[in-house]
Amino acid sequence: MRCDLCGRTVNYWAEDLAKVIDDPFHEAHVPPWGCGQCATIDYMSIRWHLPSAQELAAGLTVRRPVRQVVKWIWRDERV
Ligand SMILES: [Zn+2]
9 MRCDLCGRTV NYWAEDLAKV IDDPFHEAHV PPWGCGQCAT IDYMSIRWHL
59 PSAQELAAGL TVRRPVRQVV KWIWRDERV
C-alpha cells in the first residue's frame with residue numbers, strides 16, 4: 009500500500025490483510041485504511057505484488073499484525 013501524498017509505502021502479506029479486515033466483501037483494490045502519517049485514505053493506493061526469490065533473499069520488510077487493540081470511546085452525559 010502506498011500513500012501518494014507523502015510517498016510512504018508499506019508491504020503486507022495478503023493472508024494477513026484477509027485475516028484482519030472484518031468485512032468479507034471488502035474489495036481487494038480498495039485500501040482498507042488510510043495513511044498513518046497523513047491521516048487520510050484519499051491518496052492511498054493498493055497494488056498486488058508477488059516478490060521474487062531474489063527480492064526475498066535481499067530482505068523485504070513486511071508489516072505483520074502483532075495483536076488487536078480494543079479501545080473504549082467515552083463521552084460525557086448529563087444525568
Ligand atoms: Zn501519507
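Residue 9 is where the sequence shown starts when you use my numbering, and the numbers rise one by one after that.
No residue lacks a Cβ here, since even glycine has one placed at the ideal position from N, Cα and C.
From the options, residue whose alpha carbon lies closest to that of residue i
i	options	result
MET52	LEU58, SER60, ARG72, PRO40	PRO40
ALA47	ALA26, ASN19, LYS27, CYS14	CYS14
ALA22	GLN45, ARG16, VAL70, GLU63	VAL70
CYS11	TYR20, GLY42, GLU85, LEU25	GLY42
Cβ-Cβ distance between residue i and residue j below 8 angstroms
i	j	result
ILE54	MET9	yes
ARG16	GLN62	no
ASN19	LEU64	no
Presumed contact (8 angstroms Cβ cut-off) between residue i and residue j, rounded CB distance
i	j	result
PRO59	LYS27	The pair is not a contact, with the Cβ atoms about 19 angstroms apart (cut-off 8 angstroms).
Cutoff 6 angstroms; reference residue i; Cβ partners in own chain excluding five residues on either side
i	result
ILE29	PRO40
ARG83	none
Check: residue i C-beta below 7 angstroms from any heavy atom of ligand 1
i	result
ARG16	yes
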